[in-house]
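Notes follow the structure.
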Amino acid sequence: MPFMLALMIFVMFGVLLGTFTGLTPGIHVNTVLSILLLFLPTFIFHAGAVYSQSPLTLIAIFVVAMSIAHTFLDIIPSIYLGAPDEGTALAVLPTHRMMHKGLANDAIYHSALGSMLALIISVILLIPARAIMGTPINLYAKIRPYLGYVILSIALIMIAEEGLKAKRTCANEGHEIISVFAKNGKGKHCKILGNALKLVIFASMLFMLSGLLGVILLYMGFGGYATGFLPIGGSVLFPIFTGMFGFSSMLWSLITMAEIPEQIGDIKRLDKTSIIKGAIFGTLCGGMVGWLPGVSSGVATAIVGSAMSAGEKNGCGMAETRLKNDRLYILSLSGVNTSNTFFALVALFVILRGRTGAMVFVKELLDITPWYNISAPPQLFLYLLLAAIISGIISYPLTIIIGRKIAEVYTRVNYRRLTLCIIVAVSVLIFLFTGVWGMLIAAVSTAIGMLPPRLGVKRVHLMGVLMVPIILYFLG
């Protein structure tokens, strides 16, 4: 069999498994890789039957294709099931808001678009990134000692931004705008924000509270007690993010929403300028953390969450302005996830470090030839690059199609009953993957996740659960 045909077969296999991991709460790419390790000799045998000369290369192609596909599809359970991972956690509120307006298909389209554009931009930036992070500039080696201070600065900016909101104006076309109150209809005013200092204090409290949870579970290692009843195990991040961003949003929706409206098939695209802006910003943030040790895509989404001004409160102003912000927010966050995975692949060949579970697997599977000559990438890298591109091309329409099919079914059932069933079903998964300890973590995380809308600040501050342990890791 020709090698390119074998490559396509394993890319398709990777997309299939990436679709499964993306759509299934609690199942991550790393979960599949854990199973793959148990049956690796058998998998190598079957890969060799397809192409005897490079079975390990085909397995690496499968892993890369699966990883890219996962970043496209994982937005769907965060919308419909409220079960995000660290990369989609901050997208939960904007996507739920759009779903409750009948615009779930719109949200999924912009998510898929963000991932696809991020992949394209990442390929365009490939050579410049190689030159900047590797030789001759070697930026990676220069910034590594200061990563703790960089992340701490990001956290401080996120918190200070809550106070700055009091000085912003509110978009409300056709009406007079003032800094603290804005007209919202004839003779009516709505309050934009209250005391700026109070908001900063609330944001700081949430960041430290979630950070304390992260320190206990991740930095001190108590999350290791979250062992379930399945041989493949689960990640403690599953109950953390499902509770903070999934269950809390769903419970809030139960309080404020009786049913889900019919999901509109028509899509209103962002203007080209906004699309390009959001895609580039998401790509740069995701690409940046793709090189860094211990810094996950969750930190990059926190950066985007703070900068894109999506907001956590309905506030006042035109509904269309809010929807535009939500679309831009979702597009950027999806770009973060895909570019993070892509540049983790690049980092593997430039600095010989695996920054994701998938890249660590590839590194252990094969002898990686370093990318020394900027004009002559290693052949293995080119194969994996091609696999990533093809996987993205397939996953883009697949995400939109699957999202539409799920929307058709989702709106036919009672929302409250469905939401309660989802909470129960995902809780069962948490119990199976992480046990009783995981259930307790999910309960605590849910309670913390209910606080931001009550206090009037953004959920982005809950990313302290990741950022504080990372800051301690680098500065400790």
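If you read the sequence shown in the working numbering, its first letter stands for residue 697, the second for the next number, and so on. Virtual Cβ for every residue (Gly too), placed ideally from N, Cα, C.
* Asked: What is the DSSP secondary structure of Val723, counted as helix, strand or coil?
  -> Position check: residue 723 holds Ile in this sequence, whereas Val was assumed. It is coil, neither helix nor strand.
* Taking all protein chains shown into account, decide if Leu713 is buried (16 or more other Cβ within 10 angstroms of its Cβ) or exposed. => buried
* Asked: Is it right to say Ala1103 is buried, meaning 16 or more other beta carbons lie within 10 angstroms of its own, or is it exposed?
  -> buried
* With distances taken between CB atoms, is the gap from Arg1155 to Leu789 smaller than 8 Å? -> yes
* Where are the beta strand (DSSP E) runs, 3 residues long or more, that stay fully inside the segment 766-842, in chain order? -> none
* **Rounded C-alpha distance that separates Ile1137 from Gly1053** => 23 Å
* **Val711, buried or exposed, once every other Cβ within 10 Å from all chains shown has been counted against 16** => buried
* Spell out a yes or no on whether the segment 903-910 and the segment 1146-1166 are touching, meaning 3 or more CB-CB pairs, one atom from each, closer than 8 Å. => yes
* Asked: Is Glu858 helix, strand or coil by DSSP?
  -> helix
* **Where the alpha helix (DSSP H) through Val1132 begins and ends** => 1111-1145
* Cβ-based burial, Ala1006 [other Cβ within 10 Å; buried from 16] -> Legend: pLDDT at Ala1006 = 42, less than 50; position of this residue unreliable, value from coordinates given subsequently. Classification for Ala1006: buried.
* Asked: How many Å lie between Glu858 and Glu1060 at the Cα?
  -> 44 Å
* Note down the Cα distance separating Ile960 from Val1058, rounded to an integer number of angstroms. => 42 Å
* Leu752 and Ile764 closer than 8 Å at C-beta -> The answer is no: Cβ separation not under 8 Å.
* To do: Alpha carbon to alpha carbon, how far is Leu1024 from Asn868? Give it in angstroms, no decimals.
  => For Asn868, the pLDDT reaches just 38, beneath the cut-off of 50, and the residue's location in the model is therefore unreliable, leaving the point undetermined.
* Straight-line gap, Pro824 to Arg1051 (C-alpha atoms, nearest Å) -> 20 Å
* If you draw a straight line from the alpha carbon of Gly917 to that of Ala745, how long is it in whole angstroms? -> 43 Å
* Can you say whether Leu1171 is buried or exposed, counting buried as having 16 or more other CB atoms within 10 angstroms of its CB? => Exposed, because fewer than 16 other Cβ atoms sit within 10 Å of the Cβ of Leu1171.
* Determine contact between the segment 966-983 and the segment 1021-1041, defined as no fewer than three beta-carbon pairs at a distance below 8 Å. => Contact between the segment 966-983 and the segment 1021-1041 is present, with at least three C-beta pairs closer than 8 Å.
* To do: Taking Ile1098 and Ile772 to be in contact with their CB atoms under 8 Å, please state how far apart those CB atoms are, rounded to whole angstroms.
  => 7 Å
* To do: Determine the DSSP secondary structure at Met916, reduced to helix, strand or coil.
  => coil
* Asked: So, using beta-carbon positions, are Phe925 and Leu701 closer together than 8 Å?
  -> No, Cβ-Cβ distance for Phe925 and Leu701 is not below 8 Å.
* Under the rule that 16 or more other beta-carbon atoms within 10 Å means buried, what is Leu734, buried or exposed? -> With fewer than 16 Cβ atoms within 10 Å of its Cβ, Leu734 is classed as exposed.
* To do: From the DSSP output, in three-state form, read off Met697 for me.
  => coil
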